[in-house]
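Peer 1: Per the working numbering, the very first residue in the sequence shown carries number 8; after that it's consecutive.
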Amino acid sequence: MNNVLNDTVGFDAAIKKIQVDVYEALADVWQGDIEGYGRVYKNPVNTGERIPDYYQTSKIVTPSWYNASKRDYEDTYYDDSKSAVFCFLTKENDKTNDSILYTTDVKLAFMVNLEKIYPSLNERQDSRAQKDVIEILRNNDFSRFQIEGVERRIDFVFREYNTSNIRFDDMHPLHCFAVLLRVEYYLTDKC
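Here you go:
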């Protein structure tokens, strides 16, 4: 299922365009149930400790997607009932030289079960999964982003989030990676 926002502008419109294109293309390349999310937020989790509020939630942060139909946030970590889960991890600051065109760095993060997306292949196919995503992005007609690199392992991909409760490790058949993007957008973009 591709969890897309309906009425997007600016940065969210740029992300939605990439999200829809990637999801549709992956459905042709990978097998199984793929779960796609747009931009996720860094939501603090209350630790319940008796310390000042501003410390209480500062260290435990999870990537969460706002589900408008439920009016609540949902974690976007890997769901083992799915073949793959992807989401967009964003920075807190966007840059501009003219207050019209903005630029920001984004991680397009993937958590996949290689055996589910490539059921007919017996060997570990983590490089193939990365190649598939990069080729989809390179062939994307949305020209306002550049591929900056690839990051691997959950500790690196989610370094700004709490990963202590994740039982997902980068051992076969599981794989976590992110494609690093530099995205340009106009505040007036709509999708």
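Note that the Cβ used here is the ideal one computed from N, Cα and C, for glycine as well. Treat the numbers as computed from the prediction; the structure is a model and nothing was measured.
(1) Between K102 and the rest of its own chain, which residues show a CB-CB distance below 6 Å, the 5 nearest in sequence each way excluded?
(2) Under the assumption that F93 contacts F117 (Cβ atoms under 8 Å), give the Cβ distance between them as a whole number of angstroms.
(3) Count the other C-beta atoms from every protein chain shown that fall within 10 angstroms of the C-beta of G156, then say buried if there are 16 or more, exposed otherwise.
(4) Cβ of E158 within 7 Å of Cβ of A136?
(5) Nearest to R70 by alpha carbon, out of V27, S76 and L115?
(6) Enumerate in chain order the residues of its own chain whose CB-to-CB distance from T170 is below 7 Å, with the five nearest sequence positions on each side excluded.
(7) Since G17 and Y192 are thought to touch, with beta carbons under 8 Å apart, how far apart are those beta carbons, to the nearest angstrom?
(8) So, do the region 30-41 and the region 137-145 have three or more beta carbon pairs nearer to each other than 8 Å?
(9) Under three-state DSSP, which class holds I58?
(10) Which residues does DSSP list as the beta-bridge partners of S71?
(11) Should F107 be labelled buried (16 or more other beta-carbon atoms within 10 Å of its own) or exposed?
(12) For the alpha helix (DSSP H) holding L128, just list the boundary residues, first then last.
(13) Can the beta-carbon of L194 be found closer than 7 Å to that of V113?
(14) Roughly how many angstroms separate the alpha carbons of N120 and M178, rounded to a whole number?
(15) In this structure, what does DSSP give as the bridge partners for Q153?
(16) Please confirm whether I25 and A91 have their CB atoms less than 7 Å apart.
Peer 2: Per the coordinate set shown:
(1) Against the sequence shown, residue 102 aligns to sequence position 95. T110.
(2) For the purposes of this step, residue 93 is taken as residue 86 along the sequence shown, with counting starting at 1. For the purposes of this step, residue 117 is taken as residue 110 along the sequence shown, with counting starting at 1. Between F117 and F93 the Cβ distance is about 5 Å, and since that is below 8 Å, they are a contact.
(3) Stepping through the sequence shown from its first residue, residue 156 is reached at position 149. G156 comes out exposed.
(4) Residue mapping note: residue 158 aligns to position 151 of the sequence shown, counting from 1. Residue mapping note: residue 136 aligns to position 129 of the sequence shown, counting from 1. No, the pair does not count as a contact, with Cβ atoms beyond the cut-off.
(5) On the sequence shown, position 63 is the one that residue 70 refers to. Note on residue identity: the sequence assigns Pro, not Arg, to residue 70. For P70, the nearest C-alpha among the options comes from L115.
(6) Reading the sequence shown from its first residue, position 163 is the one you call residue 170. Cβ within range, chain order: I161 and D162.
(7) By 1-based counting over the sequence shown, the position of residue 17 is 10. By 1-based counting over the sequence shown, the position of residue 192 is 185. G17 to Y192, Cβ: 6 Å. Contact.
(8) Touching, yes.
(9) In the sequence shown, the residue the question calls residue 58 occupies position 51. At I58, the pLDDT of 49 sits below 50, so the modelled position is not reliable; the number obtained from the coordinates is stated separately. Here DSSP, grouped into helix, strand and coil, assigns I58 to coil.
(10) Along the sequence shown, read from residue 1 onward, the residue named residue 71 stands at position 64. Looking at the DSSP assignment, S71 forms a beta bridge with Y48 and D82.
(11) Here the question's residue 107 lines up with position 100 in the sequence shown. Note on identity: in this sequence residue 107 is Ile, with Phe being the wrong assignment. Result: exposed.
(12) Numbered from 1 along the sequence shown, position 121 holds the residue referred to as residue 128. Where L128 is concerned, there is no enclosing alpha helix (DSSP H), given that its DSSP letter is neither H nor E.
(13) Here the question's residue 194 lines up with position 187 in the sequence shown. Here the question's residue 113 lines up with position 106 in the sequence shown. No, these two residues do not count as a Cβ contact at 7 Å.
(14) As a first step, residue 120 is located in the sequence shown; it is residue number 113 there, counting from the start. As a first step, residue 178 is located in the sequence shown; it is residue number 171 there, counting from the start. Cα to Cα, the separation comes out at about 10 Å.
(15) Along the sequence shown, one-based indexing puts residue 153 at 146. According to DSSP, Q153 bridges with R189.
(16) The sequence position of residue 25 within the sequence shown is 18, counting from 1. The sequence position of residue 91 within the sequence shown is 84, counting from 1. Against a cut-off of 7 Å, the Cβ pair of A91 and I25 comes out as no contact.
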